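Residue numbers (full-length UniProt numbering): 1 to 184. Here the structure is laid out as structure tokens; the discussion comes afterwards.
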């Protein structure tokens with residue numbers, strides 16, 4: 001029911017599943033397998049799949065570490081959004097890409113749960129989108145040395161609080177890969 005009365009479509013957003021970002025991610029293989037399942041199902045339902053790639057001083061655009069993991073293959077006609085901030089909307093053309101595709105609902109997967117995933121789900125929600133976080137299709141690395149909780153706790157926490165978000169004319173949801181419905 002997003003705030004966009006003329007945008008009834010859903011899009012799958014795959015955030016930062018790049019070689020260096022997920023090299024040591026918690027449950028890496030399982031998470032990537034779930035994302036792959038989502039991509040296959042989205043394509044079968046003719047749901048737009050949008051790939052997001054982060055870059056910064058340590059994750060240099062065009063480097064092998066910046067590339068999307070080899071287990072996932074963006075199709076040539078699927079948009080790629082390049083970003084330099086945690087929120088995939090900030091200083092990118094993501095909003096224009098979604099608007100041109102008639103998208104009002106986002107299904108979010110990728111990395112890092114406690115950084116770019118968190119920022120993007122909030123960014124989309126505050127911009128008027130319905131946002132579904134796929135509980136078993138996002139991951140993070142161990143950032144405890146910087147004061148963050150252990151990866152499994154960070155993932156569990158975002159899954160917990162996201163399901164209780166609310167705002168006028170918008171919905172927030174958390175569902176497992178098997179429960180994602182690209183038909184609605």
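All residues carry an ideal CB built from backbone N, CA and C; glycine is no exception. If you're wondering where the values come from, they're calculated on a predicted model, not measured in any experiment.
Mind checking whether residue 191 and residue 2 have CB atoms under 8 angstroms apart?
An answer regarding residue 191 cannot be provided, because it is not within the stretch 1 to 184 covered by the chain.
Helix, strand or coil for residue 60? Go by DSSP, reduced to three states.
In the structure shown, residue 60 sits in coil (DSSP, three-state: anything other than H, G, I, E or B).
Once DSSP output is grouped into helix, strand and coil, what is the label at residue 50?
Here DSSP, grouped into helix, strand and coil, assigns residue 50 to strand.
7 angstroms Cβ shell around residue 101 - same chain, five flanking residues per side excluded
Once the five neighbours on either side are set aside, the close Cβ partners of residue 101 are 9, 11 and 48.
Take residue 32 as the anchor and find which of 60, 146 and 69 has the nearest alpha-carbon.
Looking only at 60, 146 and 69, the smallest Cα-Cα distance to residue 32 is reached by 69.
Are the stretch 168-184 and the stretch 56-69 in contact at 8 angstroms, needing three or more beta carbon pairs?
By the C-beta criterion, the stretch 168-184 is judged not to be in contact with the stretch 56-69, since fewer than 3 inter-stretch pairs fall below 8 angstroms.
Rounded C-alpha distance that separates residue 138 from residue 53
Roughly 15 angstroms between the two C-alpha positions.
Near residue 80, which residues of its chain fall below 7 angstroms by C-beta distance, leaving aside the five closest residues on each side in sequence?
Around residue 80: 51, 53 and 74.
Let me know the secondary structure DSSP gives residue 96 once reduced to three states.
Here residue 96 sits in helix by DSSP.
Three-state secondary structure (DSSP) of residue 36
DSSP, read as helix, strand or coil, puts residue 36 in helix.
Sequence-distant residues of the same chain with beta carbon closer than 7 angstroms to residue 135, five excluded per side
Counting only Cβ-Cβ distances below 7 angstroms, and skipping sequence neighbours, we find 159, 174, 175 and 176.
What separation, rounded to the nearest whole angstrom, lies between the Cα atoms of residue 105 and residue 7?
Using only the alpha carbons, I get a separation of about 8 angstroms.
Within 8 angstroms, strictly: CB atoms of residue 118 and residue 89
No.
May I ask you to report which of helix, strand or coil DSSP gives residue 72?
Of the three classes helix, strand and coil, the one that applies to residue 72 here is coil, per DSSP.
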